[in-house]
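Protein chains in written order, with numbering that gives the first Met the number 0: chain U, 0 to 224; chain E, 0 to 725; chain X, 0 to 78; chain B, 0 to 78. Here's the structure we're looking at; comments come further down.
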Amino acid sequence: MKSSVIVFPGSNCDRDIADALEKMQFKNKMVWHKETELPKSDLIVIPGGFSYGDYLRSGAIAGKSLIIDEVIKAANSGCLVLGICNGFQILTETGLLNGTLLRNKNLKFINKDVYIKVINHESKFTNKYKRDQVLKINIAHNEGNYFTDSKHLSELHNENLIVFKYCDKEGNIDDKSNPNGSLKNIAGIFNSKKNILGMMPHPERMIDDIISNKDGVNLFSSLLN
Amino acid sequence: MKLTKDIIKKHGLEPEEFKNIKKLLKREPNLLELGIFSAMWNEHCSYKSSKIHLKKLPTTGKQVIQGPGENAGVIDIGDNDAIVFKIESHNHPSYIEPYQGAATGVGGILRDVFTMGARPIALLNSIHFGSPNHSKTKSLLNGVVSGIGGYGNCIGIPTVGGETKFDETYNENILVNAMAVGHVKKNKIFYSKAKGLNKSVVYVGSKTGRDGIHGASMASAEFDENSEDKKPTVQVGDPFTEKLLMEACLELMKDNSIISIQDMGAAGLTSSSVEMASKGELGIELELDKVPCREENMSPYEMMLSESQERMLIILEEGKELHAKKIFDKWDLDFVIIGKTTNTNNLTLKFNNKIEGEIPIEALATKAPLYDRAWVKKKPVKSKINLKDLKKIKIEDALFKILSSPNHSNKSWVTNQYDQSVMCDTVQKSGSDAAVIRIHNKDKAIAVSVDSSANYCKSHPNSGGKQIVCENWRNLITVGAKPLAITNCLNFGNPENKEIMGEFAECLDGIKEACEFLNYPVVSGNVSFYNGTNKKNIFPTPVIGGVGLIKNLTKPLNHNFKKDKSKLLLIGKTFGHLGQSCFLKENYSLKVGVPPEINLLNEKNNGESLLELIDNNLVLSSHDVSSGGLITAISEMAMSSSFGAKIYKPKKLTNLYEYFFGEDQARYIIEIEAINLPKVEKILKDRDIFFENIGFTQKEYFEIEGELKISTKELYEINNKWYNNY
Amino acid sequence: MKFSITVTLKKDVLDPQGKVVKNTLVNMGMNNLKSIRQGKHFEIEVNETDPIFAEKKVDEMCKKLLVNLIIEDYKINRI
Amino acid sequence: MKFSITVTLKKDVLDPQGKVVKNTLVNMGMNNLKSIRQGKHFEIEVNETDPIFAEKKVDEMCKKLLVNLIIEDYKINRI
Ligand SMILES: Nc1ncnc2c1ncn2[C@@H]1O[C@H](COP(=O)(O)OP(=O)(O)O)[C@@H](O)[C@H]1O
Ligand SMILES: [Mg+2]
């Protein structure tokens, strides 16, 4: 499977995700933000980081970069797109995903391992996970507090577009297990065609037992499936 | 313009020093030249009060590739891999504007590391605040922590360790020390020494603004009521630009375009150009009208003294200009040839084709003043503390007091604000004795830790100096790393005060002795004097940052209990030393007595023996015993795991308080499988190590026979509430 | 030609920052504080002569970049 | 009584954000953009009847919390 990782000047998880993709046997290419063409790819990843310093609003400036037009075109023609952390923020700024990511409720940057529950386990991105499986996964962000209007929220629910929700170790989804104030504990969502996934947690950080655990592996192997 | 006494004084120069300047120049300097002298001759850049003492430190060893004198130190970790690291203070700016002060501190130390060709792989920090009850402490803590995080998180380097302490001695003068660690191939290290005539001197990075003018002199002056006025000199950091600068420099470093490279830190363009020229024994000529400026009408004086962040000076090989410019264009950074190297041995400053200043390089560098300041030895303090004279307290209550104190509380409120995992090589995050970072794509790792103990150093500077080196050494050993070398940040008060200078000299003697004995050389560092206000100086606070090597990274070792029913051994002798202990401080508000003595022989032997046990895979978890003594150390091992422990009462008749809270040095607690006990005992006996079998792990409860029983969950809660309620 | 733009969070969007600022101010003894809302402010200078056209341009900048219309409202003033 | 406060960076202070936003707008085709400066905006309502006293209170809030006087300037307007 061919993948492309978009690199903005302030991306800082680009190497991490590229390593993960290669380890999982993707044929990966890095694509600089000033490019105007995308290599042929089955998967486009927008990595975490601070794209353009995250001034103004996180992801806002990246949403206007040259390469983003190509990403939008590819996404609209069905290419798989994965936005992680800052990548999720950028996807909402481009309109490929609805809603937005506000500042964390405690107004602080949060880095820690949290638990998320796989809500939709039947997609291209998640078919290797079990229904309601609880994953332990790292988050690292200042703006991960997902917000959207009530119309879109019911669409998310009705069409099974919520992919992950924050929960506790036992899988309980409540305020206590919500690290950043995210609406309905949402940690990751699809667009309506389910070819675009935006998520705040970092699966690329969870593929190696020495560093953490392997709870992120199945996201990549689902894609290869 | 006539240079009045007042102007000279405002530049922080003594009348004697000004005379000297005139002698070196053989004339009066003009204002621009005076500014340059003031920047180069102040304490921060010239090390005039500390140099003769720093010379004593051991700086060499088989593992050392580059000792002090470059932007950062470099050590060899085998297989053509080298580690570049340094620590630096940003105390005064952080007190004035905590967010920006701390952020630019991180930015500055990162530049020191990537200037040498290394990709930064870890950040650490040592931060000291005043009493939690002091009106400024809370906002300073908030600002500093978010500033450190703001910069490191954005640029994408994990912040993996540090220390956060509170003491009223820092009420008016906090400490913010930042350490950066980078990885480089041994044959791709870059240095600042200029070479060759007529080579292009290139300015890259951000534009120059009026920020931080006289920042270096500020860092060398005491605070007083008017320090608020010094505010305009505070710099604002831009981590995004730093990220661009880092990537662009590392990209240019892939081939051999660079002759020499130097970041613009304190005293900006002045110190970077002078340092490069001085090391290369060359002259340098700058055309200041070419300097990229952010503001209109900036004068040569302002350009030379500006401390705008995220800038570098590079001397390029001939013909590489276009190639280099392309790279900086790609990263949207300024790239301007602003001068060239010359054979005049002068710093020559031109503006609109007119020479505005000309100073012999050596007058600024090697001829800068050097002082052997007067100092006095610390008077020995009475050391006997009689527990009988103190109010009786239950062991349990004393322990809770310690675990819930600001200095011993769990630091996740701090560390959760730092991205510790980015780059995917963080094997051990904050929360253990040392952080462990894997070398990318390899099966080896480095361990890093920063430590200080100001109370020890205050009461007995020599033992204190030794003690921190040893504690730092131990912290690396407990995660299974062989300690290789250190960097140090020496935070002291006013060196013109004899007692303070004495603290400095004696601390340094202690550090030297320990480093020599442990073959633990100093490869880089920083001195920060004048930490104090109105003659009230901070406690001497040398901070040690150590780096060790884990050759075969199999599974990470930390201090969390791993299993039920493992044996617990205490390595090292317990005498029950309570002087300057955390027990007395937290329970009785007493800072009395002398710190525990250091026996370097035991220190080395115990540490190396533990490493042997670890290398033989005999250790499940290990922890050094430091502040708070044995009982605190065991609690820490329990709280971070899901197991507790049952500890026997000491066999010999000893005072329980001394036994459990004493801070005797060179001690470790290890957890081992019961079946391995004979093997472990044999190794320890063969090496003549004193050890005790102190108990075993068990489910759920931390227990001392007949004295105390508490669930580890409850301990955890006690340990975790302070920050959240502050 | 100069314009000032004020960008504020929409009413139904949670404003954690505003809440914290308010609590802090009340704790500092500002008992009479009734409400506080925080937003962004831009000062923009454009090289145009036609004020209507200029304002249109500024409005475009808001819509395209400066404002997130999902959560924010904005107001433009010529100054 | 309502006040609006505008907080802007002091003139000589580096504005990394403004730099990036300006470049982006220009790249998006806003060629006539001359300058853009970003700041904060607060709307404060206080329960006071005396406007002079109220403004004094608001000024105090600015000095004590809302504004970082080291790098920012501010202006208060009654609205
Ligand atoms: N400012 C900080 N930044 C990062 N990590 C920190 C900071 N303060 C404390 N820590 C981490 O918290 C843990 C406990 O610190 P400390 O009690 O000083 O450890 P030790 O006594 O082993 O040196 C360590 O892992 C340390 O790295
Ligand atoms: Mg320790």
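Just so it is clear, CB atoms sit at the ideal spot from N, CA and C, and this is done for glycine as well.
query, result
"Which listed residue (E:Gly-643, E:Met-638 and E:Asp-331) has its alpha carbon closest to that of Ile-717 (chain E)", "E:Met-638"
"Distance between Gln-37 (chain B) and Lys-55 (chain X) (C-alpha atoms, nearest Å)", "19 Å"
"One or two residues paired with Lys-1 (chain X) in a DSSP bridge", "X:Glu-44"
"Neighbour flag for Lys-63 (chain U) against chain B, beta carbons, 8 Å", "yes"
"Residue interval of the beta strand (DSSP E) (run including Ser-710 (chain E))", "707 to 710"
"Under the three-state DSSP convention, the category Val-159 (chain E) falls into", "strand"
"Rounded C-alpha distance that separates Gly-155 (chain E) from Cys-423 (chain E)", "11 Å"
"Proximity test, Asp-288 (chain E) beta-carbon vs ligand 4 heavy atom, cut-off 7 Å", "Of the ligands one can find in the structure shown, namely ligand 1 and ligand 2, none is ligand 4."
"Within chain B, the residues that Gly-208 (chain E) reaches when beta carbons sit closer than 7 Å", "Asp-11 and Leu-13"
"Closer than 8 Å to chain X by CB, Gly-98 (chain U)", "yes"
"Option in X:Ile-69, X:Phe-52 and X:Ile-75 with minimal Cα separation from Leu-31 (chain B)", "A quick correction: the sequence has Asn, not Leu, at residue 31 (chain B). Nearest C-alpha to Asn-31 (chain B): X:Phe-52."
"Chain-ordered neighbours of Thr-48 (chain X) on chain B, where CB pairs are closer than 7 Å", "Ordered by position in chain B, no residue passes the 7 Å Cβ test against Thr-48 (chain X), which lies about 10 Å from the chain."
"Reduced DSSP category for Ala-345 (chain E) - H, G, I as helix; E, B as strand; rest coil", "In the sequence as displayed, the identity of residue 345 (chain E) is Asn instead of Ala. If DSSP states are grouped into helix, strand and coil, Asn-345 (chain E) belongs with the strands."
"Of the listed residues E:Pro-97, E:Ile-120 and E:Gly-77, nearest to Ser-138 (chain E) (C-alpha basis)", "E:Pro-97"
"8 Å CB neighbourhood of Phe-189 (chain E) in its chain, flanking five on each side removed", "Thr-114, Met-115, Gly-116, Met-252, Ile-257, Ser-259 and Ile-260"
"Short-range partners of chain U found in the stretch 464 to 497 of chain E, where Cβ spacing is below 7 Å", "none"
"Nearest candidate by alpha-carbon position, reference Asp-331 (chain E), set U:Met-205, U:Tyr-51, U:Asn-119 and U:Gly-62", "U:Tyr-51"
"Between the CA atoms of Pro-460 (chain E) and Glu-505 (chain E) - distance to the nearest angstrom", "5 Å"
"Touch test, the stretch 382 to 401 of chain E against the stretch 580 to 600 of chain E, Cβ-Cβ under 8 Å, three pairs minimum", "yes"
"Rounded straight-line distance, which links the Cα of Phe-350 (chain E) to that of Ser-298 (chain E)", "9 Å"
"Contacts around Asn-124 (chain E), its chain only, beta-carbon distance under 6 Å, and the 5 residues preceding and following it disregarded", "Ile-147, Gly-161 and Ala-177"
"Cβ pair Ser-609 (chain E), Ile-669 (chain E) closer than 8 Å", "Position check: residue 609 (chain E) holds Leu in this sequence, whereas Ser was assumed. In this structure, Ile-669 (chain E) lies closer than 8 Å to Leu-609 (chain E) by Cβ."
"Beta carbon proximity, Ile-54 (chain X) to chain B, threshold 8 Å", "Per the sequence shown, the amino acid found at residue 54 (chain X) is Glu instead of Ile. Closer than 8 Å: no."
"Residue from E:Phe-660, E:Gly-204 and E:Glu-309 with nearest C-alpha to Lys-393 (chain E)", "E:Phe-660"
"Cutoff 8 Å: Asn-30 (chain X) Cβ touching any chain U Cβ", "no"
"Gln-579 (chain E) to Asn-493 (chain E) span [Cα, whole Å]", "24 Å"
"Nearest-angstrom Cβ-Cβ length linking Tyr-165 (chain U) and Ser-176 (chain U), presumed shorter than 8 Å", "5 Å"
"Chain X contact for Gly-52 (chain U) (CB, 8 Å cutoff)", "no"
"Within 9 Å of chain B by C-beta, residues of the stretch 86 to 112 of chain E in sequence order", "Ile-95, Glu-96, Tyr-98 and Gln-99"
"Below-8 Å beta-carbon distance, Phe-146 (chain U) vs any chain X residue", "yes"
"Under 7 Å by beta carbon: chain U residues contacting Thr-23 (chain B)", "Ile-60 and Lys-63"
"Check whether Asn-344 (chain E) and Gly-282 (chain E) have beta carbons under 8 Å apart", "yes"
"DSSP-derived helix/strand/coil call for Ser-2 (chain U)", "strand"
"Asp-508 (chain E): first and last residue of the uninterrupted alpha helix (DSSP H) it sits in", "497 to 517"
"Beta carbon proximity, Ser-153 (chain U) to chain X, threshold 8 Å", "no"
"8 Å Cβ cutoff, Ile-154 (chain E) in contact with chain U", "yes"
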